[in-house]
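Visitor:
Protein chains: 2
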Amino acid sequence: MAAKQSPFNLDQFLVSRTEAVNRALDRFLPSEKTKPATIHKAMRYSLFAGGKRMRPAVLLAAAQACGGKEAAALPLACAVECIHTYSLIHDDLPAMDNDDFRRGKPTNHKVFGEGVAVLAGDALLTQAFEIAAQANGWPRYSHQDLILEIAKASGSLQLVGGQVADLEGENKKLSVAELRYIHERKTSALLCCSVRLGGMSANCTAAQLKALTDFGYNVGLAFQVIDDILDVTQTSEQLGKTAGKDVTAQKSTYPAIVGLEKSRKIAAQLTDKAFAALKIFQGRAVALEALAEFLLKRDK
Amino acid sequence: MAAKQSPFNLDQFLVSRTEAVNRALDRFLPSEKTKPATIHKAMRYSLFAGGKRMRPAVLLAAAQACGGKEAAALPLACAVECIHTYSLIHDDLPAMDNDDFRRGKPTNHKVFGEGVAVLAGDALLTQAFEIAAQANGWPRYSHQDLILEIAKASGSLQLVGGQVADLEGENKKLSVAELRYIHERKTSALLCCSVRLGGMSANCTAAQLKALTDFGYNVGLAFQVIDDILDVTQTSEQLGKTAGKDVTAQKSTYPAIVGLEKSRKIAAQLTDKAFAALKIFQGRAVALEALAEFLLKRDK
Chain D
22 MAAKQSPFNL
32 DQFLVSRTEA
42 VNRALDRFLP
52 SEKTKPATIH
62 KAMRYSLFAG
72 GKRMRPAVLL
82 AAAQACGGKE
92 AAALPLACAV
102 ECIHTYSLIH
112 DDLPAMDNDD
122 FRRGKPTNHK
132 VFGEGVAVLA
142 GDALLTQAFE
152 IAAQANGWPR
162 YSHQDLILEI
172 AKASGSLQLV
182 GGQVADLEGE
192 NKKLSVAELR
202 YIHERKTSAL
212 LCCSVRLGGM
222 SANCTAAQLK
232 ALTDFGYNVG
242 LAFQVIDDIL
252 DVTQTSEQLG
262 KTAGKDVTAQ
272 KSTYPAIVGL
282 EKSRKIAAQL
292 TDKAFAALKI
302 FQGRAVALEA
312 LAEFLLKRDK
Chain G
22 MAAKQSPFNL
32 DQFLVSRTEA
42 VNRALDRFLP
52 SEKTKPATIH
62 KAMRYSLFAG
72 GKRMRPAVLL
82 AAAQACGGKE
92 AAALPLACAV
102 ECIHTYSLIH
112 DDLPAMDNDD
122 FRRGKPTNHK
132 VFGEGVAVLA
142 GDALLTQAFE
152 IAAQANGWPR
162 YSHQDLILEI
172 AKASGSLQLV
182 GGQVADLEGE
192 NKKLSVAELR
202 YIHERKTSAL
212 LCCSVRLGGM
222 SANCTAAQLK
232 ALTDFGYNVG
242 LAFQVIDDIL
252 DVTQTSEQLG
262 KTAGKDVTAQ
272 KSTYPAIVGL
282 EKSRKIAAQL
292 TDKAFAALKI
302 FQGRAVALEA
312 LAEFLLKRDK
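So the sequences go chain by chain: D and G.
Numbering of the first sequence is given in my numbering, commencing with residue 22 and proceeding in unit increments.
Numbering of the second sequence is given in my numbering, commencing with residue 22 and proceeding in unit increments.
#1: Residues in its own chain within less than 8 angstroms of G:Ile168 by CB, not counting five upstream and five downstream?
#2: By how many angstroms is the C-alpha of G:Leu317 removed from the C-alpha of G:Asn239?
#3: Note the first and the last residue of the continuous alpha helix (DSSP H) segment covering D:Ser67.
#4: Any beta carbon from chain C within less than 8 angstroms of G:Ile168's own beta carbon?
#5: With DSSP as the reference, identify every bridge partner of G:Phe122, one or two as the case may be.
#6: Counting only Cβ pairs nearer than 9 angstroms, list the residues of chain G close to D:Met64.
#7: Contact defined as beta carbons within less than 8 angstroms: I believe G:Val36 pairs with G:Leu309. What is the distance between those atoms, to the nearest angstrom?
#8: Using a Cβ-Cβ cut-off of 6 angstroms (strictly less than) and excluding sequence neighbours within five positions of G:Ser175, which residues of its own chain qualify?
#9: Mapping the DSSP letters down to three states, classify G:Arg319 as helix, strand or coil.
#10: Taking beta-carbon pairs under 7 angstroms, can you tell me which members of the region 107-119 of chain G lie near chain D?
#11: Count the other CB atoms within 10 Å of the CB of D:Lys193; is the residue buried (16 or more) or exposed (fewer)?
#12: In terms of residue numbering, what span does the alpha helix (DSSP H) encompassing D:Ala93 cover?
#13: Counting along the chain, where does the alpha helix (DSSP H) carrying G:Val275 start and finish?
#14: By DSSP, does G:Phe34 sit in helix, in strand, or in coil?
#15: Mind checking D:Phe302: buried by the 16 CB within 10 Å criterion, or exposed?
#16: For the region 121-129 of chain D and the region 42-50 of chain G, state whether three or more C-beta atom pairs, one from each stretch, are separated by less than 8 angstroms.
#17: CA-CA distance, G:Thr55 and G:His61?
#18: Could you work out which residues of chain G lie near D:Asp143, taking near to mean beta carbons separated by less than 7 angstroms?
#19: Between which two residues does the alpha helix (DSSP H) containing G:Leu50 stretch?
#20: Should D:Ser67 go down as buried or exposed, given a rule of 16 or more other Cβ atoms within 10 Å for buried?
#21: Are the beta-carbon atoms belonging to G:Leu233 and G:Val216 less than 8 angstroms from one another?
#22: At the 8 angstroms Cβ level, is G:Ser284 part of the contact set with chain D, yes or no?
#23: Give me the chain D residues within the contact set of G:Gly125, using Cβ-Cβ distance strictly less than 8 angstroms, ordered along the chain.
#24: Below 7 angstroms between beta carbons is the criterion; list the residues of the region 52-78 of chain D that meet it against any residue of chain G, in chain order.
#25: With H, G and I counted as helix, E and B as strand and the rest as coil, what does DSSP make of G:Gln303?
#26: Between D:Phe34 and D:Ala227, what straight-line distance do the alpha-carbon atoms span, to the nearest angstrom?
#27: Listing by chain order, which chain G residues have their CB less than 8 angstroms from the CB of D:Gly241?
#28: Starting from G:Ala223, trace the alpha helix (DSSP H) in both directions and tell me its first and last residue.
#29: How would you label D:Asn129, buried or exposed, when you count the other beta carbons within 10 angstroms and need 16 or more for buried?
#30: Buried or exposed: which applies to D:Pro160, given that a residue is buried once 16 or more other Cβ atoms fall within 10 Å of its Cβ?
#31: Taking D:Phe150 as the query, report the chain G residues whose CB atoms sit under 8 angstroms from its CB, ordered along the chain.
#32: So, using beta-carbon positions, are D:Tyr107 and D:Leu140 closer together than 8 angstroms?
#33: In whole angstroms, what separates the C-alpha of G:Leu291 from that of G:Thr274?
If you want it as C-alpha cells, here you go:
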C-alpha cells in the first residue's frame, strides 16, 4: 500500500472515539430516571456494558479517511451502535441463542426479564432512527439516504434475515455458501453500513463510497469467521461470554466445515481484499487499516 | 358543528382505503418467496391478518381533511400499520401478554415460534422506517420531521414506554392517572402520530396540525377506554380474541377502577373533545368525524 502508516496510534484512536461515542449516546438517550425508568435502565444496561464500539469506530475512521468532521459522523455512529446493541439483546433471548452472559455480564433478560428485554431491544432500534434523523443532511446524501441505508442493512433482507437463517441453520450441516449467506447478513451488513455512513457523513464521492463498501463487506465477513474461530480456541473467561457454544449447539461454523487452518486463511484473504479496497485513499485511511489489522489479530 | 355531513359513506371509505393500504403494503414488503422466506411469511401473516387498519384510516382521513392527496399519504399509512403490527406481535409474546389468539387467528409466535415472532416484529419496525423514508418530503415537513414523528411516537417515552408501564402495572391497583399514563402511550401516541402524519402529508398549517393533535390524542384515549369496556362486556367470539383477559390478569382497567357506566361517560367525553377539535376544518373533516363515531360505537 502507498501509505504514511508510521505514527498512527490505534489504542489512542479507539479510546478517544469510544469516549466520544459514549458521551454522545449518553446525551441522546433518556436518563435512567426518566419515566418509565425500567426501560431506560434496561436500554442503558446493554448499551454501556463495555462493548468494543467497533461499528462506531469504523464509521468514524471512514469519515476521517474522507476528510469529514467527527461531529457530523457522531449521531450516525450512535445510531449503528443502538442497532447493534438491540440485535444482541434479542439474539441472547431464550427463544434465540439463549445466552446468559454477554461481555462478561449477565444478559439483558437475565437482569430485567424477557418482556423488558424484548422491549429494550425494540426501544433501541427505534432510538437508532430517532438519532439518525437528527444527523445533518449533506449535499450528496439526504436524510432519506441515511435512513434507508440503516433500515436496509437492519431489515428482513439483511441483519434480521441473517438471524432467521442462523436460527434455521441450527442442527443442520450447512455448506460454505449457506454459512457465508448468514455471515454476510449477521455481521457484514451492519459493518458495511457503518463504513458507508461514515463516508456519507463526510460527503464522500461515489468512488470512495464504492471502496468503503468493498472494505466493509470483507472486514465484516473476516470478523465473523474470526468469531467462529475464537469460539473453539478460547475459554469463556478469555471471551467474556460462553465459549464452545457453537459446538454445543451443533452450529455450522467455518472451523467445523473447512477446519481451523483453512478458516484462518479465509479470514486473512478477506482482510487482504479489505486492505486492497483502501488504496484509493492513498494513505489517508490509516485508521481503517489499523482497525482491520486489529480485527484480524484480536483474541476475544 | 358547521358541516355538510350528509352523503358521507364510512363503510365505503373504510373498504376503499383498506384496499389501497393493503395493495401498497403488498408492494412495499418483500414477497413470501423472498429469502429467507420464513421471516417474510411471518411478517405478512400478521400484517394481513385482517386488522381494522384504523391508524391508516385516520391518517388518510386527516390528509383528506387538509386537502392532501392519497398517494402522498399512503407510504406513511403503511409505515404506521407496520409499527402497529410489530407492537401487537411483541405484546402477544408469552413474556408479555401471552395471547394465543389475535383477530380470531393464532398469534404469530403460536404459528412461527417465539424466536421468529420476535424477529418478525423487529423486521416490521425496521420496515416502517424504510417505507416512511420513501415518502415524499413536503415544503413544511421534511423527511427528518416525518421520521422523528414516527420514532418519537414509537419509542421508550411513548409506545414502548406504555407497554413497559402496562407490564409493571399488572397485579397492581392503579389510579386513574396511572391508567391514563399507560393509555396515552399504548394507544394515543401512535393514533395521534397517524393523524398528524396525515396532515403533514398534505402540507397542513400549524393550526391544522394542532387541531389534528388534539383530535388524535382524545380519540386514542377513547379507543383504549372502549377496549377495556369491550373486554368485560363481550365474548371471545365477538372480539375475535380472548375476552375477559384483563380481569383474569387482574389488570387495572377503567371499568375496574371507575365502573362501567362512568367508563362509558369518559369515552363519550373524550370523543366530544375530539369532535370539538375538528371545528377548524369547517366540515371538510367528515371522514375523521365518521371514524370517531365509529370508534365509539364499535362492539369489537
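Where a beta carbon is used, it is the ideal one built from N, C-alpha and C, also for glycine.
Please read these numbers as outputs of a predicted model, since none were measured by experiment.
Guide: Judging by the given coordinates:
#1: Counting from 1 along the second sequence, the entry for residue 168 of chain G is found at position 147. So the qualifying residues of the chain are Phe150, Ala153, Ala154.
#2: By one-based count along the second sequence, residue 239 of chain G stands at place 218. By one-based count along the second sequence, residue 317 of chain G stands at place 296. Distance between the alpha carbons of G:Asn239 and G:Leu317 is about 11 angstroms.
#3: Along the first sequence, one-based indexing puts residue 67 of chain D at 46. Here the alpha helix (DSSP H) through D:Ser67 covers 58-68.
#4: Of the protein chains in this structure, namely D and G, none is chain C.
#5: Counted from its first residue, the second sequence places residue 122 of chain G at position 101. G:Phe122 is bridged to G:Pro127.
#6: Along the first sequence, one-based indexing puts residue 64 of chain D at 43. What D:Met64 touches in chain G: Ser177.
#7: Numbered from its first residue, the second sequence carries residue 36 of chain G at position 15. Numbered from its first residue, the second sequence carries residue 309 of chain G at position 288. Wrong, their Cβ atoms sit about 17 angstroms apart, outside the cutoff.
#8: Mapped onto the second sequence, residue 175 of chain G falls at position 154. Counting only Cβ-Cβ distances below 6 angstroms, and skipping sequence neighbours, we find Ile104.
#9: Counting from 1 along the second sequence, the entry for residue 319 of chain G is found at position 298. Coil at G:Arg319, not helix or strand.
#10: His111, Leu114, Ala116, Met117
#11: Walking along the first sequence from the start, residue 193 of chain D turns up at place 172. Exposed.
#12: Start at 1 with the first residue of the first sequence, and residue 93 of chain D comes out as number 72. 91-112 is the extent of the alpha helix (DSSP H) around D:Ala93.
#13: Sequence index remark: in the second sequence, residue 275 of chain G carries index 254 (1-based). Inspection of the sequence shows that residue 275 of chain G is occupied by Tyr rather than by Val. Per DSSP, G:Tyr275 belongs to the alpha helix (DSSP H) from 275-279.
#14: Translated into positions along the second sequence, residue 34 of chain G becomes position 13. DSSP places G:Phe34 in helix when its eight states are reduced to three.
#15: Counting from one through the first sequence, the residue named residue 302 of chain D turns up at place 281. D:Phe302 should be labelled buried.
#16: no
#17: Looking up residue 55 of chain G in the second sequence gives position 34. Looking up residue 61 of chain G in the second sequence gives position 40. Their backbone Cα atoms lie some 7 angstroms apart in a straight line.
#18: The sequence position of residue 143 of chain D within the first sequence is 122, counting from 1. Those are His111, Leu146, Val181, listed as they occur along chain G.
#19: Residue mapping note: residue 50 of chain G aligns to position 29 of the second sequence, counting from 1. It is not in any alpha helix (DSSP H) - G:Leu50 carries neither H nor E in the DSSP assignment.
#20: The sequence position of residue 67 of chain D within the first sequence is 46, counting from 1. Buried, by the Cβ-count rule.
#21: Reading the second sequence from its first residue, position 212 is the one you call residue 233 of chain G. Reading the second sequence from its first residue, position 195 is the one you call residue 216 of chain G. Yes, they are a contact pair.
#22: As a position in the second sequence, residue 284 of chain G is number 263, starting the count at 1. Chain D, which has no Cβ nearer than 8 angstroms to the Cβ of G:Ser284, makes this no.
#23: Taking the second sequence and counting its residues from 1, the one referred to as residue 125 of chain G is at position 104. Those within 8 angstroms of G:Gly125 in chain D number zero; the least Cβ separation is about 24 angstroms.
#24: Pro57, Thr59, Ile60, His61, Met64
#25: Against the second sequence, residue 303 of chain G aligns to sequence position 282. It is coil, neither helix nor strand.
#26: Numbered from 1 along the first sequence, position 13 holds the residue referred to as residue 34 of chain D. Numbered from 1 along the first sequence, position 206 holds the residue referred to as residue 227 of chain D. In a straight line, the C-alpha of D:Phe34 is about 26 angstroms away from that of D:Ala227.
#27: Along the first sequence, read from residue 1 onward, the residue named residue 241 of chain D stands at position 220. Here the premise fails: no neighbours, minimum Cβ distance about 18 angstroms.
#28: The residue given as residue 223 of chain G occupies position 202 in the second sequence. Run containing G:Ala223: none; DSSP gives neither H nor E here.
#29: Residue 129 of chain D sits at position 108 when you count from the first residue of the first sequence. So D:Asn129 ends up on the buried side.
#30: Taking the first sequence and counting its residues from 1, one reaches residue 160 of chain D at position 139. D:Pro160 is exposed by the Cβ-count criterion.
#31: One-based indexing of the first sequence puts residue 150 of chain D at position 129. What D:Phe150 touches in chain G: Phe150, Ile168, Ile171, Ala172.
#32: Numbered from its first residue, the first sequence carries residue 107 of chain D at position 86. Numbered from its first residue, the first sequence carries residue 140 of chain D at position 119. No, the pair does not count as a contact, with Cβ atoms beyond the cut-off.
#33: As a working mapping, residue 291 of chain G is identified with position 270 in the second sequence. As a working mapping, residue 274 of chain G is identified with position 253 in the second sequence. Roughly 16 angstroms separates the two Cα atoms.
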